[in-house]
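For reference, the structure discussed in these notes is given below.
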Amino acid sequence: AQSVAQPEDQVNVAEGNPLTVKCTYSVSGNPYLFWYVQYPNRGLQFLLKYITGDNLVKGSYGFEAEFNKSQTSFHLKKPSALVSDSALYFCAVREGRDDKIIFGKGTRLHILP
Amino acid sequence: DVKVTQSSRYLVKRTGEKVFLECVQDMDHENMFWYRQDPGLGLRLIYFSYDVKMKEKGDIPEGYSVSREKKERFSLILESASTNQTSMYLCASTGTGLTMNTEAFFGQGTRLTVV
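Going line by line, the protein sequences match chains Z and W.
Residue numbering for the first sequence is 1 to 113, as defined by the working numbering.
Residue numbering for the second sequence is 1001 to 1115, as defined by the working numbering.
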């Protein structure tokens, strides 16, 4: 069965600095990988995905993520953090297009002004 | 604009009541999901459905059932609500394209309190 790990409960970054939110996954086949963001009292918003092709994928709000098959990782990155990026971030994996989507426990990102 | 709509944002129910949470999507998606979200536990899958009248158990199905009579609607049922089912419930849907419609689209969530 597929699984996702987000090793950090919370990440603090100063505004203007680069940020990284870590994610590792486990699937038996080829993974579909996703990042979502959640603002207070809201549903989850899709940020970006990796299905196939270029290992570096770009998404909404200036975020990007790098797929690393050998390390089974899909870390979320942004070159310059904004205070408005403060939110809860979830990594998710899907094994094939007909399968369920499994989420990590989430990482709370705090951007300090 | 794609839409997943959950019938209620907030619900308060009494212990032992039968509770229905409704979710409707307008994207003609095949797959629909119910998750619950609790602090420190992330999103946990309760049930999912890959077609009308089809359902599969997720990781925490105990105390819940589901119904999918029409493609666009997926209902979560708490047969006899208990206080440990107080949570945020999130509905989502996805398509089955190879590269398109692979991500989940979420409703706004229903915060259920069982007293």
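All residues carry an ideal CB built from backbone N, CA and C; glycine is no exception.
Reduced DSSP category for Z/Gly59 - H, G, I as helix; E, B as strand; rest coil:
Stepping through the first sequence from its first residue, residue 59 of chain Z is reached at position 59. For Z/Gly59, the three-state secondary structure derived from DSSP is coil.
To which residues does DSSP link W/Ser1049 through a beta bridge?
Taking the first residue of the second sequence as 1, we reach residue 1049 of chain W at position 49. Partner(s): W/Met1032.
Which parts of the region 5 to 51 of chain Z are runs of the beta strand (DSSP E), unbroken and 3 residues or longer, counting only runs that do not cross its ends?
Contiguous beta strand (DSSP E) elements confined to the region 5 to 51 of chain Z occur at 10 to 14, 19 to 21, 24 to 26, 31 to 38, 44 to 50, taking only those with 3 or more residues.
Contact residues within the region 48 to 72 of chain Z, judged by C-beta distance below 8 Å to chain W:
Listed by position along the chain: Lys49, Ile51, Thr52.
Three-state secondary structure (DSSP) at W/Asp1038?
If you number the second sequence from 1, residue 1038 of chain W lands on position 38. In the structure shown, W/Asp1038 sits in a strand (DSSP, three-state: E or B).
Whole angstroms are fine: how far does the CA of W/Arg1111 sit from the CA of W/Tyr1010?
For the purposes of this step, residue 1010 of chain W is taken as the residue at position 10 of the second sequence. For the purposes of this step, residue 1111 of chain W is taken as the residue at position 111 of the second sequence. Going by the C-alpha atoms only, they are around 5 Å apart.
Proximal residues to W/Ser1067 (C-beta, below 6 Å), its chain only, five neighbours per side dropped:
Taking the second sequence and counting its residues from 1, the one referred to as residue 1067 of chain W is at position 67. Around W/Ser1067: Ser1075.
Which residue marks the beginning of the beta strand (DSSP E) containing W/Met1088, and which one marks its end?
Translated into positions along the second sequence, residue 1088 of chain W becomes position 88. Element bounds for W/Met1088: 1087 to 1094.
Determine which residues share a DSSP beta bridge with W/Val1114 and list them.
As a working mapping, residue 1114 of chain W is identified with position 114 in the second sequence. Looking at the DSSP output, W/Val1114 bridges to W/Lys1013.
Check the DSSP bridge columns for W/Ser1075 and list the partner residues they point to.
Translated into the one-based positions of the second sequence, residue 1075 of chain W becomes position 75. Note: W/Ser1075 sits in a beta bridge opposite W/Glu1022, W/Ser1067.
State the Cα-Cα distance for the pair Z/Ser80 and Z/Ile101, rounded to the nearest angstrom.
Within the first sequence, residue 80 of chain Z is the residue found at index 80, counting from 1. Within the first sequence, residue 101 of chain Z is the residue found at index 101, counting from 1. One C-alpha to the other measures close to 29 Å.
Going by DSSP, what residues sit across from W/Lys1057 in a beta bridge?
Mapped onto the second sequence, residue 1057 of chain W falls at position 57. DSSP, once it has assigned bridges, lists W/Tyr1047 as partnering W/Lys1057.
Compute the Euclidean distance between the alpha carbons of W/Thr1113 and W/Thr1094, then round it to the nearest angstrom.
Along the second sequence, read from residue 1 onward, the residue named residue 1113 of chain W stands at position 113. Along the second sequence, read from residue 1 onward, the residue named residue 1094 of chain W stands at position 94. Rounded to the nearest angstrom, the gap between the Cα atoms of W/Thr1113 and W/Thr1094 is 28 Å.
Can you find a C-beta in chain Z that's less than 9 Å from the C-beta of W/Phe1033?
Along the second sequence, one-based indexing puts residue 1033 of chain W at 33. By this cut-off, W/Phe1033 is an interface position.
CB-CB under 8 Å to Z/Asp99, same chain, minus the five flanking residues each way: which ones, in chain order?
The residue given as residue 99 of chain Z occupies position 99 in the first sequence. These residues qualify, in order along the chain: Gln2.
Mind the definition here: the region 68 to 75 of chain Z touches the region 16 to 23 of chain Z only if three or more C-beta pairs lie below 8 Å; say whether that holds.
Three or more Cβ pairs closer than 8 Å define a contact, and the region 68 to 75 of chain Z meets that threshold against the region 16 to 23 of chain Z.
Going straight from the alpha carbon of W/Glu1017 to that of W/Ala1081, what length do you get?
On the second sequence, position 17 is the one that residue 1017 of chain W refers to. On the second sequence, position 81 is the one that residue 1081 of chain W refers to. When only Cα atoms are considered, W/Glu1017 and W/Ala1081 end up about 5 Å apart.
Taking the beta carbon of Z/Val27 as the centre, do at least 16 other beta carbons fall within 10 Å, making it buried, or is it exposed?
Your numbering for residue 27 of chain Z matches position 27 in the first sequence. Answer is buried; the Cβ neighbour count reaches 16.
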